[in-house]
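If you number the sequence shown the way numbering that gives the first Met the number 0 does, the last residue is 238 and the count never jumps. Cβ coordinates follow ideal geometry from the N, Cα and C atoms, glycine included. It should be emphasised that the depicted structure is a prediction, and the values quoted were computed from it without experimental measurement. Working notes for the structure below.
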Amino acid sequence: MLLGLCGVLAAIPGELPTRVIAGVTVPDTPLITKALEFAREHLSDFTYNHVIRSWLYGEFLCSQLPEFQHRDVELHAITAILHDMGWAISGNLVSTDKRFEIDGAEATRKFLMREGRKHDWDKHRLQLAWDTVALHTTISIAMEKEPEVKGCAVGIMSDFLGPEKAYGGVLTKDVWESVKKEFPRLGFRKSINDTMCGLCKTKPQATYDNFAADFGTAYIEGYSRAGTTVLDILIAAED
C-alpha cells in the first residue's frame, strides 16, 4: 500500500513520507530513491555531492518560505537530484551537440517516463520537470516560472552563493555546514572550472550562446565565439 500511496500523493505537499538527511527533512518516495540511485550510478563524486547539496538547500529554503509551500515536492526533489545529468561520466546521457542543461532535462524526462507511474506523470508534469532542469542556469527566467522551477534554481544557486547570499535569507550557517559535512564540496571551484572547460573542448557549439562560453574564452586556447554572437548575426543580417 505504501508504494501506491506515495505515487498518488506525490504532488501534494505535506502528505508524503519524509526522512532526514544531513539535518534537513526531505520527502521520501520510491521514485526519489530511484533518482538518487540513478544519479549515483552516472555522476562523479563531485557532481553527486553538488546535486544532493542543491536539493537539501533548496528543500530547506522552500520549507521556510511561503511562496513555495504548494509546490510539487516530489518533482522538486527529482529535478534537483537529476539536474546535472548532462555532466554524466557513464552511459550515453551526454549528447555531442546540445547544452548540458538540455541533456539533463532529457535524461530526467526519460527517467520519469521509464520509472514513474504513467498516470502520475502526465504531459504537463513531465514538461514541468523538463523545464525545471533546462532552465536551472537561466536564473532570470527561472525566477519568473512556477514554484518548482524557481525553488529548484534557488537551491542550486545556494550551493554557489553560500548561506549569506542565498535566496530568501533563511539558509542558516548551521544547515550549510551540516550539509557540507555530509556531502563535501571536493574542490568545488576547480571542479566546476574543469567541467565547463571540458564542455567547451568537446562540444564548443553548445556553449557559444551561454555562460559556459566565459570559461572557453578565458581558458581554452583557440576557443572563439566569433560569428556566433547575436551582435555578429545582426551585423551579417540584411538591412
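Can you tell me which residues form a DSSP beta bridge with residue i?
{"i": "Thr269", "result": "Outside the shown range of the chain (0 to 238) lies residue 269, about which nothing can therefore be said."}
Give me the Cα-Cα distance between residue i and residue j, rounded to the nearest whole angstrom.
{"i": "Ile11", "j": "Val72", "result": "Here the model assigns Ile11 a pLDDT of 41, short of 50, so the residue's position is not dependable, and the following value carries that caveat. Each residue's Cα considered, the two are about 7 Å apart."}
{"i": "Met195", "j": "Asp83", "result": "12 Å"}
{"i": "Asp96", "j": "Cys199", "result": "11 Å"}
{"i": "Phe246", "j": "Ala217", "result": "With the chain covering 0 to 238 only, the question about residue 246 has no answer from this structure."}
{"i": "Leu134", "j": "Asp231", "result": "25 Å"}
{"i": "Arg124", "j": "Gly115", "result": "11 Å"}
{"i": "Leu42", "j": "Asp238", "result": "48 Å"}
{"i": "Asp44", "j": "Ile155", "result": "17 Å"}
{"i": "Thr24", "j": "Phe210", "result": "33 Å"}
{"i": "Cys151", "j": "Ala79", "result": "6 Å"}
{"i": "Tyr222", "j": "Pro203", "result": "8 Å"}
{"i": "Asp119", "j": "His69", "result": "17 Å"}
{"i": "Phe67", "j": "Ala76", "result": "13 Å"}
{"i": "Ser117", "j": "Thr32", "result": "One detail in the question is off: residue 117 reads as Lys in this sequence, not Ser. Spanning the two alpha carbons is a distance of roughly 18 Å."}
{"i": "Lys180", "j": "Lys149", "result": "26 Å"}
{"i": "Ala165", "j": "Glu176", "result": "14 Å"}
{"i": "Met142", "j": "Ile20", "result": "26 Å"}
Rank the options by C-alpha distance to the C-alpha of residue i and give the top, closest one.
{"i": "Lys144", "options": "Arg18, Trp129, Ser53", "result": "Trp129"}
{"i": "Gly226", "options": "Thr107, Glu220, Ile234", "result": "Ile234"}
{"i": "Thr228", "options": "Val174, Thr137, Lys164, Asp208", "result": "Asp208"}
{"i": "Leu55", "options": "Ser89, Leu35, Val93", "result": "Leu35"}
{"i": "Thr201", "options": "Lys109, Arg98, Glu14, Arg188", "result": "Arg98"}
{"i": "Gly22", "options": "Gln204, Ser223, Val174", "result": "Val174"}
{"i": "Glu100", "options": "Ala205, Phe110, Ile219", "result": "Ala205"}
{"i": "Leu30", "options": "Arg108, Pro203, Val93, Ser89", "result": "Arg108"}
{"i": "Ala106", "options": "Leu92, Gln68, Asp119, His118", "result": "Leu92"}
{"i": "Gly57", "options": "Phe110, Ala236, Leu160, Lys122", "result": "Leu160"}
{"i": "Gln126", "options": "Ile138, Met112, Lys180, Phe37", "result": "Met112"}
{"i": "Ile88", "options": "Lys122, Asp121, Thr137, Phe37", "result": "Phe37"}
Grouping DSSP H, G and I as helix and E and B as strand, with all else coil, what is residue i?
{"i": "Ala217", "result": "helix"}
{"i": "Asn209", "result": "coil"}
{"i": "Glu66", "result": "helix"}
{"i": "Ser53", "result": "helix"}
{"i": "Ala225", "result": "coil"}
{"i": "Met156", "result": "helix"}
{"i": "Glu176", "result": "helix"}
{"i": "Trp129", "result": "helix"}
{"i": "Asp44", "result": "helix"}
{"i": "Met84", "result": "helix"}
{"i": "Ser89", "result": "coil"}
{"i": "Phe187", "result": "helix"}
{"i": "Thr201", "result": "helix"}
{"i": "Glu143", "result": "coil"}
{"i": "Lys122", "result": "helix"}
Please list, in chain order, all residues of the same chain as residue i whose beta carbon is under 6 Å from its beta carbon, the five residues on each side excluded.
{"i": "Leu74", "result": "Ala128, Glu147"}
{"i": "Arg52", "result": "Asp158, Val178, Phe182"}
{"i": "Gly13", "result": "For Gly13, the predicted model reports a pLDDT of 49, less than 50, meaning its position is unreliable; a value from the coordinates is still stated below. So no residue of the chain qualifies."}
{"i": "Ser190", "result": "Phe45"}
{"i": "Arg224", "result": "Tyr207, Ala212"}
Here's a check: name, in chain order, each residue in its chain whose Cβ is nearer than 7 Å to the Cβ of residue i, leaving out the five neighbours to either side.
{"i": "Gly103", "result": "Leu81, His82, Asp83, Met84, Gly85, Val132"}
{"i": "Phe214", "result": "Asn192, Met195, Cys196, Cys199"}
{"i": "Pro46", "result": "Residue identity differs from the one stated: residue 46 is Thr in this sequence, not Pro. Asp83, Trp86."}
{"i": "Val169", "result": "Leu60, Gln63, Leu64"}
{"i": "Arg39", "result": "Tyr47"}
{"i": "Ile219", "result": "Cys196, Cys199, Lys200"}
Suppose the cutoff is 8 Å on Cβ atoms and the five residues either side in sequence are ignored; what does the same chain contact list for residue i look like?
{"i": "Gly167", "result": "Leu60, Gln63, Leu64, Val153"}
{"i": "Lys172", "result": "Pro162"}
{"i": "Ile140", "result": "Leu134"}
{"i": "Asn48", "result": "Phe182, Pro183, Arg184, Leu185"}
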